[in-house]
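Single-structure report; data block below.
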Ligand code: PGA
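Numbering (my numbering), first residue to last: 419 to 668.
This is the structure we're talking about:
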């Protein structure tokens with residue numbers, strides 16, 4: 419049985435004060451989240467604060483990106499080892515904003531997955547199609563290609579060390595959620611494709627849905643057989659909404 423996982427992706431939001439208040443709020447309600455694993459992915463610079471505040475709590479934390487390199491002349495980059503210095507457990511790789519706005523290719527994302535995994539971090543690998551790709555009927559090809567880049571580099575078994583997040587780009591930050599059936603269809607496709615290569619990996623890997631998941635729609639999405647949790651943007655910035663989603667994942 420896969421454990422449900424709810425990860426907040428704060429993106430480039432917040433301040434020291436706002437994050438402290440948000441974590442206070444989540445901390446007060448987390449006792450009612452009995453089964454789901456809860457993670458917050460913070461902007462790099464707030465990771466020391468987050469680590470200090472969450473130490474000893476059931477909430478894990480992580481980053482939203484990492485470098486493909488281990489150290490050296492890479493101005494502005496952050497290495498996996500630095501994330502471990504602040505006890506990060508998770509790191510998001512290949513978020514669609516990084517693919518679209520910062521030109522991260524499938525190959526770069528695969529390298530980030532590999533580097534994170536080698537360091538002992540749990541990579542949350544984001545995949546998903548744009549609206550244009552959905553309308554052209556190539557959703558499955560796009561998702562398969564994004565996954566294949568990681569499989570080519572690391573082998574299919576590596577995916578069992580990570581988490582997959584299916585995030586249709588057209589649903590991110592738009593308020594336009596995929597319907598539970600639309601999401602389940604792609605999640606089932608992902609699991610079926612992995613099963614063809616390795617049934618144990620397909621059975622083990624958590625596949626999260628992301629894209630305008632909120633307190634009102636979480637329950638119906640999370641009720642789907644192949645949706646094991648959520649990657650939450652906007653709704654993770656409000657303690658009550660985030661907790662409602664975490665409870666729905668129970
Ligand atoms: P959203 O973002 O929940 O605000 O749509 C999800 C994500 O980008 O991970």
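Note that CB positions come from ideal geometry on N, CA and C, so glycine has one too. From a predicted model like this one, the values you see are computed outputs, not experimental measurements.
Item	Value
Residue 443: first and last residue of the uninterrupted beta strand (DSSP E) it sits in	It is not in any beta strand (DSSP E) - residue 443 instead sits in the alpha helix (DSSP H) that spans 434-447.
Near the ligand PGA: residue 649 beta-carbon under 7 Å from a heavy atom	yes
Simplified DSSP assignment, three categories, for residue 522	coil
Cβ-Cβ separation, residue 627 to residue 639 (assumed contact under 8 Å), whole Å	5 Å
Straight-line Cα distance separating residue 446 from residue 424	17 Å
At least three beta-carbon pairs within less than 8 Å, the stretch 576-586 to the stretch 607-624	yes
Straight-line gap, residue 644 to residue 527 (C-alpha atoms, nearest Å)	24 Å
Cut-off 6 Å between Cβ atoms - residues of its own chain near residue 472, not counting five sequence neighbours on either side	479
Sequence ranges, beta strand (DSSP E) only - wholly within the stretch 455-517, length at least 3	455-459, 477-481 and 508-511
Identified DSSP bridge partners for residue 591	DSSP output for residue 591 lists no bridge partner at all.
Endpoints, the beta strand (DSSP E) within which residue 645 is located	Run containing residue 645: none; DSSP gives neither H nor E here.
For residue 636, the first and last residue of its enclosing alpha helix (DSSP H)	636-640
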